[in-house]
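Residue numbers (the working numbering): 38 to 232. Note that beta-carbon positions come from the ideal geometry of N, C-alpha and C, so glycine has one too. Heads up, the thing below is written out as C-alpha coordinates.
Here it is, written out as C-alpha coordinates:
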(Lines of atoms letter the chains of each structure in order from A and count residues from 1; the text may use other names and numbers.)
(Lines give C-alpha, C1' and ligand atoms only; values in the text may rest on other atoms or scores of the structure.)
Protein backbone atom coordinates (compact mmCIF):
# COMPACT_ATOMS: atom_id res chain seq x y z
CA UNK A 1 0.00 0.00 0.00
CA UNK A 2 1.35 3.42 -0.98
CA UNK A 3 1.00 6.01 1.75
CA UNK A 4 -0.27 9.35 0.41
CA UNK A 5 2.22 12.17 0.97
CA UNK A 6 -0.32 14.25 2.87
CA UNK A 7 -0.94 11.56 5.49
CA UNK A 8 2.14 10.89 7.56
CA UNK A 9 0.46 8.02 9.39
CA UNK A 10 -1.19 6.48 6.33
CA UNK A 11 -4.54 6.42 8.14
CA UNK A 12 -6.48 8.54 5.65
CA UNK A 13 -6.67 5.74 3.10
CA UNK A 14 -7.78 3.27 5.76
CA UNK A 15 -10.46 5.69 7.01
CA UNK A 16 -11.69 6.23 3.45
CA UNK A 17 -11.90 2.47 2.89
CA UNK A 18 -13.84 2.00 6.13
CA UNK A 19 -16.25 4.81 5.18
CA UNK A 20 -16.84 3.18 1.80
CA UNK A 21 -17.51 -0.17 3.45
CA UNK A 22 -19.90 1.49 5.91
CA UNK A 23 -21.75 3.17 3.04
CA UNK A 24 -21.97 -0.18 1.21
CA UNK A 25 -23.42 -1.75 4.36
CA UNK A 26 -25.93 1.09 4.66
CA UNK A 27 -26.84 0.74 0.98
CA UNK A 28 -27.59 -2.97 1.50
CA UNK A 29 -29.60 -2.26 4.66
CA UNK A 30 -31.67 0.43 2.93
CA UNK A 31 -32.23 -1.88 -0.01
CA UNK A 32 -33.72 -4.43 2.37
CA UNK A 33 -35.68 -1.77 4.26
CA UNK A 34 -37.40 -0.41 1.14
CA UNK A 35 -37.85 -3.91 -0.29
CA UNK A 36 -35.82 -3.46 -3.48
CA UNK A 37 -35.51 -7.03 -4.72
CA UNK A 38 -34.50 -8.91 -7.86
CA UNK A 39 -37.84 -8.21 -9.53
CA UNK A 40 -37.28 -4.48 -8.96
CA UNK A 41 -33.78 -4.77 -10.43
CA UNK A 42 -35.19 -6.38 -13.56
CA UNK A 43 -37.94 -3.78 -13.88
CA UNK A 44 -35.46 -0.90 -13.61
CA UNK A 45 -33.01 -2.60 -15.98
CA UNK A 46 -35.79 -3.06 -18.54
CA UNK A 47 -36.19 0.74 -18.69
CA UNK A 48 -32.56 1.37 -19.61
CA UNK A 49 -33.16 2.43 -23.21
CA UNK A 50 -36.17 4.57 -22.35
CA UNK A 51 -34.42 6.32 -19.44
CA UNK A 52 -31.14 6.75 -21.34
CA UNK A 53 -32.99 8.32 -24.27
CA UNK A 54 -34.86 10.72 -21.96
CA UNK A 55 -32.05 11.48 -19.48
CA UNK A 56 -30.87 14.60 -21.31
CA UNK A 57 -34.40 16.02 -21.45
CA UNK A 58 -34.99 15.19 -17.78
CA UNK A 59 -31.75 16.97 -16.85
CA UNK A 60 -32.71 19.96 -19.02
CA UNK A 61 -36.12 20.24 -17.33
CA UNK A 62 -34.55 19.81 -13.91
CA UNK A 63 -32.02 22.61 -14.31
CA UNK A 64 -34.58 24.89 -15.96
CA UNK A 65 -36.73 24.32 -12.87
CA UNK A 66 -33.84 25.10 -10.50
CA UNK A 67 -32.91 28.24 -12.42
CA UNK A 68 -36.52 29.44 -12.31
CA UNK A 69 -36.36 29.67 -8.50
CA UNK A 70 -34.16 32.35 -6.97
CA UNK A 71 -33.14 30.31 -3.94
CA UNK A 72 -31.87 27.40 -6.05
CA UNK A 73 -30.61 29.51 -8.95
CA UNK A 74 -28.19 31.18 -6.53
CA UNK A 75 -26.09 27.99 -6.52
CA UNK A 76 -25.38 28.63 -10.21
CA UNK A 77 -24.94 32.40 -10.05
CA UNK A 78 -21.59 34.10 -10.51
CA UNK A 79 -20.44 37.04 -8.39
CA UNK A 80 -21.67 39.46 -11.07
CA UNK A 81 -25.20 37.98 -10.92
CA UNK A 82 -25.05 36.07 -14.20
CA UNK A 83 -25.82 32.36 -14.40
CA UNK A 84 -22.68 30.24 -14.75
CA UNK A 85 -23.71 28.38 -17.91
CA UNK A 86 -20.55 26.26 -17.84
CA UNK A 87 -21.41 25.01 -14.35
CA UNK A 88 -25.02 24.34 -15.34
CA UNK A 89 -23.84 22.37 -18.40
CA UNK A 90 -21.44 20.33 -16.27
CA UNK A 91 -24.15 19.57 -13.71
CA UNK A 92 -26.58 18.72 -16.52
CA UNK A 93 -24.10 16.17 -17.88
CA UNK A 94 -23.51 14.76 -14.39
CA UNK A 95 -27.23 14.32 -13.75
CA UNK A 96 -27.75 12.65 -17.11
CA UNK A 97 -24.86 10.26 -16.40
CA UNK A 98 -26.15 9.54 -12.89
CA UNK A 99 -29.60 8.61 -14.23
CA UNK A 100 -28.12 6.18 -16.75
CA UNK A 101 -25.75 4.80 -14.11
CA UNK A 102 -28.70 4.27 -11.75
CA UNK A 103 -30.09 1.78 -14.27
CA UNK A 104 -26.82 0.01 -14.98
CA UNK A 105 -24.81 -0.03 -11.75
CA UNK A 106 -25.25 -2.88 -9.30
CA UNK A 107 -26.00 -1.86 -5.71
CA UNK A 108 -22.55 -2.66 -4.40
CA UNK A 109 -19.54 -1.10 -2.68
CA UNK A 110 -18.39 0.62 -5.86
CA UNK A 111 -21.75 2.33 -6.33
CA UNK A 112 -21.79 3.27 -2.64
CA UNK A 113 -18.43 5.00 -3.13
CA UNK A 114 -19.71 6.80 -6.24
CA UNK A 115 -22.85 8.00 -4.49
CA UNK A 116 -20.86 9.13 -1.46
CA UNK A 117 -18.60 11.09 -3.82
CA UNK A 118 -21.60 12.77 -5.43
CA UNK A 119 -22.94 13.68 -2.00
CA UNK A 120 -19.57 15.06 -0.88
CA UNK A 121 -19.56 17.41 -3.87
CA UNK A 122 -23.04 18.61 -2.91
CA UNK A 123 -21.98 19.23 0.71
CA UNK A 124 -19.13 21.40 -0.54
CA UNK A 125 -16.45 18.94 0.63
CA UNK A 126 -15.76 17.31 -2.73
CA UNK A 127 -13.65 18.42 -5.62
CA UNK A 128 -14.97 20.58 -8.40
CA UNK A 129 -16.72 23.85 -8.86
CA UNK A 130 -20.04 24.68 -7.29
CA UNK A 131 -21.76 25.89 -4.18
CA UNK A 132 -22.91 23.79 -1.28
CA UNK A 133 -26.37 22.37 -1.78
CA UNK A 134 -28.68 22.19 1.19
CA UNK A 135 -29.92 18.70 1.99
CA UNK A 136 -33.52 19.81 1.61
CA UNK A 137 -32.77 20.61 -2.03
CA UNK A 138 -31.52 17.06 -2.49
CA UNK A 139 -34.87 15.81 -1.18
CA UNK A 140 -36.76 18.21 -3.45
CA UNK A 141 -34.55 17.20 -6.38
CA UNK A 142 -35.35 13.54 -5.84
CA UNK A 143 -39.06 14.35 -5.80
CA UNK A 144 -38.72 16.26 -9.07
CA UNK A 145 -36.80 13.34 -10.61
CA UNK A 146 -39.38 10.81 -9.43
CA UNK A 147 -42.11 12.85 -11.08
CA UNK A 148 -40.05 13.23 -14.27
CA UNK A 149 -39.42 9.49 -14.45
CA UNK A 150 -43.13 8.79 -13.99
CA UNK A 151 -43.79 11.02 -17.01
CA UNK A 152 -41.05 9.29 -19.04
CA UNK A 153 -42.24 5.81 -18.13
CA UNK A 154 -45.88 6.82 -18.61
CA UNK A 155 -45.35 7.24 -22.35
CA UNK A 156 -43.12 4.18 -22.73
CA UNK A 157 -45.93 1.83 -23.72
CA UNK A 158 -46.15 -0.10 -20.47
CA UNK A 159 -49.62 -1.27 -19.49
CA UNK A 160 -51.06 0.18 -16.28
CA UNK A 161 -50.01 -2.72 -14.02
CA UNK A 162 -46.47 -2.87 -15.40
CA UNK A 163 -46.18 0.91 -15.19
CA UNK A 164 -47.21 0.93 -11.53
CA UNK A 165 -44.76 -1.85 -10.70
CA UNK A 166 -41.92 -0.17 -12.62
CA UNK A 167 -42.53 3.25 -11.07
CA UNK A 168 -42.55 1.59 -7.65
CA UNK A 169 -39.20 -0.08 -8.40
CA UNK A 170 -37.70 3.23 -9.54
CA UNK A 171 -38.99 5.01 -6.43
CA UNK A 172 -37.35 2.40 -4.21
CA UNK A 173 -34.06 2.76 -6.09
CA UNK A 174 -34.12 6.55 -5.88
CA UNK A 175 -34.78 6.35 -2.13
CA UNK A 176 -31.75 4.08 -1.73
CA UNK A 177 -29.65 6.69 -3.52
CA UNK A 178 -31.16 9.55 -1.50
CA UNK A 179 -30.55 7.71 1.77
CA UNK A 180 -26.86 7.40 0.98
CA UNK A 181 -26.65 11.04 -0.13
CA UNK A 182 -28.20 12.14 3.16
CA UNK A 183 -25.90 9.85 5.16
CA UNK A 184 -22.98 11.85 3.80
CA UNK A 185 -24.75 15.08 4.73
CA UNK A 186 -25.28 13.72 8.23
CA UNK A 187 -21.58 12.95 8.53
CA UNK A 188 -20.51 16.33 7.21
CA UNK A 189 -20.63 18.02 10.59
CA UNK A 190 -20.64 21.77 10.31
CA UNK A 191 -20.01 21.80 6.56
CA UNK A 192 -23.46 20.69 5.45
CA UNK A 193 -26.60 22.74 5.61
CA UNK A 194 -29.71 20.72 6.21
CA UNK A 195 -32.07 23.65 5.84
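Query - 7 Å CB neighbourhood of residue 212 in its chain, flanking five on each side removed - result: Position 175 of the chain shown, counted from the start, is the residue given in the question as residue 212. For residue 212, where only same-chain residues beyond five positions count, the Cβ hits under 7 Å are 71.
Query - residue 129: first and last residue of the uninterrupted alpha helix (DSSP H) it sits in - result: As a working mapping, residue 129 is identified with position 92 in the chain shown. Element bounds for residue 129: 122-141.
Requested in this report: Please name the residue or residues paired with residue 114 in a DSSP beta bridge.
Outcome: As a first step, residue 114 must be located in the chain shown, where it is residue number 77. BP columns for residue 114 point to 120.
Query raised in the report: Among residues of its own chain, excluding the 5 on either side of residue 89, which ones have a beta-carbon nearer than 6 Å to its beta-carbon?
Result: As a working note, residue 89 is residue 52 in the chain shown. Cβ neighbours of residue 89 beyond the five flanking positions: 137.
Query raised in the report: If residue 63 and residue 206 are in contact, beta carbons under 8 Å, what's the gap, nearest whole angstrom?
Result: The sequence position of residue 63 within the chain shown is 26, counting from 1. The sequence position of residue 206 within the chain shown is 169, counting from 1. In this structure residue 63 does not touch residue 206 by the C-beta definition: roughly 20 Å separates them, more than the 8 Å allowed.
**Report entry** Same chain, Cβ closer than 7 Å to residue 170, neighbours up to 5 away in sequence not counted
**Finding:** Numbered from 1 along the chain shown, position 133 holds the residue referred to as residue 170. Excluding the 5 residues flanking it on each side, residue 170 has same chain C-beta neighbours closer than 7 Å at 112 and 159, in chain order.
**Report entry** Buried versus exposed, by CB contacts within 10 Å (16 or more), residue 122
**Finding:** Mapped onto the chain shown, residue 122 falls at position 85. Exposed: under 16 other Cβ atoms inside 10 Å.
**Report entry** C-alpha gap between residue 114 and residue 174, whole angstroms
**Finding:** Sequence index remark: in the chain shown, residue 114 carries index 77 (1-based). Sequence index remark: in the chain shown, residue 174 carries index 137 (1-based). The alpha-carbon atoms of residue 114 and residue 174 are separated by roughly 16 Å.
Query - Supposed contact pair residue 204 and residue 190 - C-beta distance, whole angstroms, cut 8 Å - result: In the chain shown, the residue the question calls residue 190 occupies position 153. In the chain shown, the residue the question calls residue 204 occupies position 167. At roughly 6 Å, the Cβ-Cβ gap stays under 8 Å, so residue 190 and residue 204 are in contact.
Query raised in the report: Under three-state DSSP, which class holds residue 82?
Result: One-based indexing of the chain shown puts residue 82 at position 45. Here residue 82 sits in helix by DSSP.
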